[in-house]
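Note that the protein sequences, when read in sequence, are chains A and B. Here the numbering used here is used: the first residue of the first sequence is 57, the next is one more, and so on. Here the numbering used here is used: the first residue of the second sequence is 57, the next is one more, and so on. Glycine included, each C-beta is placed from N, C-alpha and C at the ideal position.
Protein chains: 2
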Amino acid sequence: MSLKYALLGFLSYQPMTGYDLKQRFDHSIDHFWNAELSQIYPTLTRMKEEGLLTMDVEFQDDKPNRKVYHITNSGRDELRHWLLELEDAPQIRISFLIKVFFAGMLKKEDVLAQLQHQLALHQAQLVDYQETVRNHIHENIEATGMKRDGEFWELTLEMGIKFEEGWIEWCEETIEKIEGMNDE
Amino acid sequence: MSLKYALLGFLSYQPMTGYDLKQRFDHSIDHFWNAELSQIYPTLTRMKEEGLLTMDVEFQDDKPNRKVYHITNSGRDELRHWLLELEDAPQIRISFLIKVFFAGMLKKEDVLAQLQHQLALHQAQLVDYQETVRNHIHENIEATGMKRDGEFWELTLEMGIKFEEGWIEWCEETIEKIEGMNDE
DNA sequence: CAGATCATGTAACCTGTTACATGATTTC
DNA sequence: GAAATCATGTAACAGGTTACATGATCTG
Chain A
57 MSLKYALLGF LSYQPMTGYD LKQRFDHSID HFWNAELSQI YPTLTRMKEE GLLTMDVEFQ
117 DDKPNRKVYH ITNSGRDELR HWLLELEDAP QIRISFLIKV FFAGMLKKED VLAQLQHQLA
177 LHQAQLVDYQ ETVRNHIHEN IEATGMKRDG EFWELTLEMG IKFEEGWIEW CEETIEKIEG
237 MNDE
Chain B
57 MSLKYALLGF LSYQPMTGYD LKQRFDHSID HFWNAELSQI YPTLTRMKEE GLLTMDVEFQ
117 DDKPNRKVYH ITNSGRDELR HWLLELEDAP QIRISFLIKV FFAGMLKKED VLAQLQHQLA
177 LHQAQLVDYQ ETVRNHIHEN IEATGMKRDG EFWELTLEMG IKFEEGWIEW CEETIEKIEG
237 MNDE
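Put into structure tokens, the structure is as follows:
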């Protein structure tokens with residue numbers, strides 16, 4: 057249940073609603089984690105029941121009331137404890153590689169179409185990281201003055217960029233190799 | 057439902073039992089996909105009901121009967137169709153990066169311990185790919201004579217290696233950066 | 001006038017993991 | 001004597017996605 061800890065993490069910065077948290081996910085950690093509102097809301101409710109959060113209601117006439125969640129000391133302890141737990145290597149699931157694995161039954165041109173498509177996706181993703189995501193992070197650092205934390209935010213972005221660069225290299229190398237195969 | 061297509065892929069090579077298929081998963085595609093027997097068995101049953109597979113029972117006295125699954129023409133069509141569908145960029149979930157993102161609240165040495173742990177895991181994984189997995193693939197190519205297919209099997213391994221190299225580089229760079237930070 | 005933003009949720013579904021059940025044979 | 005191999009499964013649970021429901025205000 058990593059979602060819980062991501063929520064605790066953001067709430068350790070400041071009290072927020074579920075809706076606010078979803079925005080933080082979209083703008084800061086989308087490149088390695090995200091969640092839908094339909095998952096966030098019930099999770100916050102459960103975390104409140106567990107004593108990790110408290111909730112204040114801000115009444116609104118025109119919209120549903122804002123439910124502002126605050127982290128408790130117990131929540132802070134649990135977050136800190138989780139952050140210190142050594143993490144296993146992530147397990148990978150890439151259905152695209154299943155396609156590559158069984159691509160022997162396809163014509164060269166069909167495999168190449170797949171690879172060129174992936175290449176384009178990863179090139180676009182890389183640009184998005186280097187521009188949009190990087191800007192979001194920098195804006196956040198300036199808006200909050202959280203310089204030390206910001207260094208860690210940037211490190212996660214660097215990993216995202218490294219991933220995409222790896223994909224792009226592999227796609228390019230693979231396209232060349234396949235072009236060199238004889239299509240018996 | 058990529059599991060279905062991975063099963064169809066292996067069964068397009070030759071008829072097999074669920075147990076055999078699990079072994080193929082472990083030895084060939086574990087670095088980007090895997091499944092438990094408890095998921096494979098019911099999936100095969102369902103695929104048979106869908107007409108993608110047929111089943112022969114080989115009676116055994118001492119062990120449960122072997123249920124050997126064969127791919128049907130319909131199964132082959134569905135596999136081929138899926139292989140041609142352009143794939144979206146894989147979505148990533150790396151809980152370790154949540155830890156990095158919120159590492160600002162930790163002491164330098166605690167963050168470094170995490171990173172050194174990850175570094176070691178990825179170094180070990182890389183060696184495993186370069187040795188064990190590569191050997192499995194080569195043995196399979198020799199045992200089956202599937203040279204053209206084998207080229208694609210190797211390409212997926214190359215991607216696994218590229219991933220691990222990326223992780224290792226990032227860990228090393230990150231460890232240096234963090235060592236250079238002042239721990240206020 | 002359509003679509004995004006704000007703001008909350010519930011319900012059904014899909015995928016995958018863990019635990020449990022059985023049991024003979026082979027290997028260390 | 002313990003653990004791995006062969007061979008099948010079921011049941012409960014966890015996590016995440018998609019669809020549905022509501023509704024005002026703001027933006028293009």
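Next on the checklist: Please classify residue 201(B) as buried or exposed, where buried requires at least 16 other C-beta atoms within 10 Å of its C-beta.
Outcome noted: exposed
Item to check | First and last residue of the uninterrupted beta strand (DSSP E) at residue 111(A) | outcome: 109-114
Item to check | According to DSSP, residues forming a beta bridge with residue 183(A) | outcome: For residue 183(A), which the question treats as bridged, DSSP gives no partner whatsoever.
Checklist entry - How do the stretch 100-114 of chain A and the stretch 167-179 of chain B stand: do at least 3 beta-carbon pairs fall below 8 Å, yes or no? => result no
Checklist entry - What residue does the alpha helix (DSSP H) around residue 123(A) start on, and which one ends it? => result Note, residue 123(A): premise wrong, no alpha helix (DSSP H); beta strand (DSSP E) at 122-127.
Item to check | residue 81(B) burial status per 10 Å Cβ neighbour count (16 or more: buried) | outcome: buried
Item to check | Segment limits, alpha helix (DSSP H) that includes residue 154(A) | outcome: 151-157
Checklist entry - Is the CB of residue 173(A) under 8 Å away from at least one CB in chain B? => result yes
Checklist entry - Mind checking residue 62(A): buried by the 16 CB within 10 Å criterion, or exposed? => result buried
Item to check | Near-chain B residues of the stretch 122-137 of chain A - C-beta to any C-beta below 9 Å | outcome: 132, 135, 136
Checklist entry - Name the chain A residues that come within less than 9 Å of residue 157(B), Cβ to Cβ? => result 62, 65, 84, 85, 88, 89, 205, 208, 209, 211, 212
Item to check | Alpha-carbon spacing of residue 206(A) relative to residue 213(A), whole angstroms | outcome: 11 Å
Checklist entry - What does a CB cutoff of less than 6 Å around residue 112(A) pick up in its chain, not counting 5 residues either side in sequence? => result 124
Checklist entry - In or out: residue 303(B) buried (at least 16 other Cβ within 10 Å) or exposed? => result Only positions 57 to 240 of chain B appear in this structure, which leaves residue 303(B) out of reach.
Checklist entry - Taking just the CA atoms, how far does residue 237(A) sit from residue 197(A)? => result 49 Å
Next on the checklist: Tell me the DSSP secondary structure of residue 202(A) in three-state form.
Outcome noted: coil
Next on the checklist: Does chain B have any CB closer than 8 Å to the CB of residue 231(A)?
Outcome noted: no
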